[in-house]
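Heads up, the thing below is written out as structure tokens.
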Amino acid sequence: MGSLSFQASNGIIWPTYVVLLLSASAVAYWKRDSKTFLSANGTQKALPLAFNFVASGLGCGVLSAYPQIANIDGLHGLLVYALAGGLPMFLFAFLGPIIRKKTPNGFVLTEWVFHRFGLLTGWYLGACTILTVFLFMVSEVASLKYAIETIAGIKALPVIIIECVVTTIYTTIGGFHISFITDTLQVSVVFVLLIIVACAMGKYVHIDSSMIEPSGLLKANKLGWQLVYILTFAIFTNDFFMSGFWLRTFASRSNKDLMIGCSIACVILVVFVTVIGVTGFIAVWAGLISVADEENSGAAFFILLAQLPSWVMGFTLVFVVVLSTCTLDSLQSALVSSVSNDVFRNKIPIMYVRGLVLLVMVPVVVVGLIAEDVLSIYLIVDLLSSSVVPVLVFGLSKRFEKYWTGWEVVGGGLGGILATWIFGTVYYDSPEEGGKLLLITNGLYADDWGTFGAFVVAPFGGIAFGFFIMLIRLDCVKLYSNKDGVFHRSANKVGAVTGITGLHRFYRHWEDRLITRSNVEVVNETESLTLQNTTTLDKKQSAVDTYQSTLFAE
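Counting from 665, one number per residue, gives the positions in the sequence shown under the working numbering.
Structural data, given as structure tokens:
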């Protein structure tokens, strides 16, 4: 069993950060370009794009989350989680071209939402996206804390602060484009890390074969079947919020490059996270932790590392630092792009946005240091997306184009969260426990159907609320269209007295100013107007011809 001394740990960590800062800053300065500071649309070929997608899906968080699910639910749960993490790459391969066609000048999903549903709905989805990135940054900090305290045995706070400073400096210099460059480094680091750690574990970790069968970790189980629905639905919907994935989707040179890149990324992700997750039950068979260990399941990978020689731990510490830094810079760049585009509509200097992101890093560090369960953080984000995304997707359908508005999207999303709380209150017979269910405080365990129920109620409850709101809204529109009716007069009086009418005009004014239509939309609208005018002229000409024919007949 190896260990790193205090001096050795510091001698590894701080020079690594210095090298990362100097090299990344130099590359960022050399590659800096104002056009690719927030996005890099149409610049990436298939293979680099695949690495970009893989890097966005890999961080220190996977070193905790996948071993944890393997420790709780064994091989069944691990394979479900791995496939659910990789297959959503095809979501961007198929939906990416559609969204890109609708908003060619955009670089995140929310840009389409602004154009399709309006300003308030765009801000609403922007808030959900920013919260998602925030929680992923928290999970990254929490995972780095696990790694530093387990491998190095030193306090994690100084390390986390320095990492935040390092990533902030070089992303400020190079913008989003530097994240693409560090993505390749990130994937290479994970590949080397897996090879070294796998070889070392094969040599130095002793597995007691008599513990394999009694552990039950290789058998199918009820929780594993629950996870088929929970994780598939949760991760597919959650990836809609991951602005890092959308930035890379818009960065593809062509739809073919996007499809090839997503396919390669899917395979690499599934293989990588499966190998990492296996440590969750190897730690059990080695007698280091118990099955479904609530305290140590998230640290299974690092507990195994502590059994390896010191030189392996030293290499791993370097790789973990590099991996975490590359992941954090991608999340920071995604947060900057989201805040600039979704909140301020790219109307303020980017350095002000970076200043705001720097302030956001303070609560990220604080929450990350006290977070105990990385998997639960992911599940909180997944539950949010399960409520919001299904009602949003209806907006892609031409059948609902005239009927599905921002009212349904916002109301349905909030309704899904409310429905989940109601379910939790009834299931646990306590409003307080219903509130805790929104934060998945009970985690994932086979004897509790609460989490499964939450992920069923959230999307379907949201859709039900959305359709209910649509019916009420359409009825109101129908009543208001009768200008001589009581409802029309009453609504006008209420609007005048309460100021709602003036507020609506104010909102429309700013919506027109903040949402810049793309050339495609303008062309489509012009073509539509031209078609209408042509149809009108044809009708007039037809009427003239008929009149002349009548006169001629007479």
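Note that CB positions come from ideal geometry on N, CA and C, so glycine has one too.
Relative to the C-alpha of TRP949, which residue among GLY880, GLY1070 and LEU1082 is closest? Selected option, being the one with the closest Cα: GLY880.
Boundaries (first-last residue) of the alpha helix (DSSP H) holding TRP1113: It is not in any alpha helix (DSSP H) - TRP1113 carries neither H nor E in the DSSP assignment.
In this structure, does DSSP put SER916 in helix, strand or coil? Strand at SER916.
Let me confirm a value: GLU827 is counted as buried when at least 16 other C-beta atoms fall within 10 Å, else exposed. Which label applies? Buried, because 16 or more other Cβ atoms sit within 10 Å of the Cβ of GLU827.
Once you ignore the five residues that flank ALA729 on each side, which residues in its own chain have a CB closer than 7 Å to its CB? Excluding positions up to five away in sequence, the list reads VAL1038, LEU1039 and TYR1042.
Could you give the DSSP three-state label for GLN708: helix, strand or coil? Note: GLN708 maps to strand in three-state DSSP.
Mapping DSSP to helix, strand and coil, what is ARG1172? Helix.
Measuring alpha carbon to alpha carbon, tell me which residue in GLU1065, SER997, ASP1006 and ASN1010 is nearest LEU1022. Of the candidates GLU1065, SER997, ASP1006 and ASN1010, the one whose C-alpha sits nearest the C-alpha of LEU1022 is SER997.
Report yes if the C-beta distance between ILE818 and SER974 is below 9 Å; otherwise report no. No, the Cβ-Cβ distance between ILE818 and SER974 is not below 9 Å.
Looking at C-beta atoms only, is the number of pairs between the segment 1105-1116 and the segment 729-740 that lie closer than 8 Å three or more? At 8 Å Cβ cutoff, the stretches touch.
Please report the straight-line C-alpha distance between MET689 and VAL830, rounded to a whole angstrom. Per the sequence shown, residue 689 should be read as Ser rather than Met. Distance between the alpha carbons of SER689 and VAL830 is about 9 Å.
Can you check whether the CB of ILE825 is closer than 9 Å to the CB of VAL1029? It is a contact, given that the beta carbons lie within the stated cut-off.
Whose C-alpha, out of GLY749, LYS709, GLU775 and SER807, is nearest the C-alpha of THR989? Ranking the options by Cα distance to THR989, first place goes to SER807.
Between LYS1062 and LEU972, what straight-line distance do the alpha-carbon atoms span, to the nearest angstrom? Their Cα atoms are separated by approximately 58 Å.
Between PHE914 and THR796, which are expected to be in contact by the criterion C-beta below 8 Å, what is the C-beta distance as a whole number of angstroms? About 18 Å; that fails the 8 Å criterion.
Are three or more beta carbon pairs between the segment 937-946 and the segment 777-785 nearer than 8 Å? No: fewer than three Cβ pairs fall under 8 Å.
For ILE826, report the span of its alpha helix (DSSP H) as first-last. Here the alpha helix (DSSP H) through ILE826 covers 820-838.
Under 6 Å Cβ to Cβ from VAL986, same chain only, skipping five residues before and after it: list those, please. Excluding sequence positions up to five before and after VAL986, its CB lies within less than 6 Å of the CB of VAL853, all in the same chain and listed in chain order.
Completely contained alpha helix (DSSP H) runs for the segment 908-996, where each covers 4 or more residues: Entirely contained in the segment 908-996, the alpha helix (DSSP H) runs reaching 4 residues are, in chain order, 919-941, 943-949 and 964-969.
Range covered by the alpha helix (DSSP H) that runs through SER1145: First-last for SER1145: undefined, no H or E at that position.
Whose CA, out of PHE897, ARG1172, VAL982 and TRP1085, lies closest to the CA of LEU849? Taking only the C-alpha atoms, the option nearest LEU849 is VAL982.
Contact set for TYR1091: own chain, Cβ-Cβ below 7 Å, skip 5 residues either direction: In its chain, beyond the 5 residues on either side, GLY1114 and GLY1117 have a beta carbon closer than 7 Å to the beta carbon of TYR1091.
Under the rule that 16 or more other beta-carbon atoms within 10 Å means buried, what is SER667, buried or exposed? Around the beta carbon of SER667, a 10 Å sphere encloses fewer than 16 other beta carbons of the protein chains shown; the residue is thus reported as exposed.
Let me know the secondary structure DSSP gives GLU1065 once reduced to three states. In the structure shown, GLU1065 sits in coil (DSSP, three-state: anything other than H, G, I, E or B).
Buried versus exposed, by CB contacts within 10 Å (16 or more), GLU1096: Answer is exposed; the Cβ neighbour count stays below 16.
Which residues bound the alpha helix (DSSP H) around VAL1038? For VAL1038, the enclosing alpha helix (DSSP H) covers residues 1038-1057.
Under 8 Å, with one C-beta from each stretch per pair, do the segment 1057-1077 and the segment 1010-1022 reach the 3-pair mark? By the criterion of at least three beta-carbon pairs nearer than 8 Å, the segment 1057-1077 is not in contact with the segment 1010-1022.
When the Cα atoms are used, what is the spatial distance from ILE899 to VAL1150? The straight-line gap from Cα to Cα measures roughly 48 Å.
Using DSSP with H/G/I as helix, E/B as strand and the rest coil, what is ARG696? When DSSP states are grouped into helix, strand and coil, ARG696 belongs to the coil group.
Looking only at its chain, what residues have a beta carbon closer than 7 Å to the beta carbon of ARG780, apart from the 5 residues adjacent to it on each side? For ARG780, the CB contacts under 7 Å within the same chain, skipping 5 residues up- and downstream, are GLY1059 in chain order.
Check each candidate in HIS1152, ALA1122, TYR1067 and PRO731 and name the one with the smallest Cα separation from LEU1048. It is ALA1122 whose Cα lies nearest to the Cα of LEU1048.
Proximity to VAL718 [Cα-Cα], best of VAL931, ILE876 and TYR834: Nearest to VAL718 by C-alpha distance, out of VAL931, ILE876 and TYR834, is VAL931.
Nearest-angstrom Cα separation, counted from PRO679 out to ASP1093: Rounded to the nearest whole angstrom, the C-alpha separation of ASP1093 and PRO679 is 54 Å.
Buried or exposed by the 16-neighbour rule on C-beta atoms within 10 Å, applied to TYR810: It counts as buried.
Under three-state DSSP, which class holds ALA688? It is helical.
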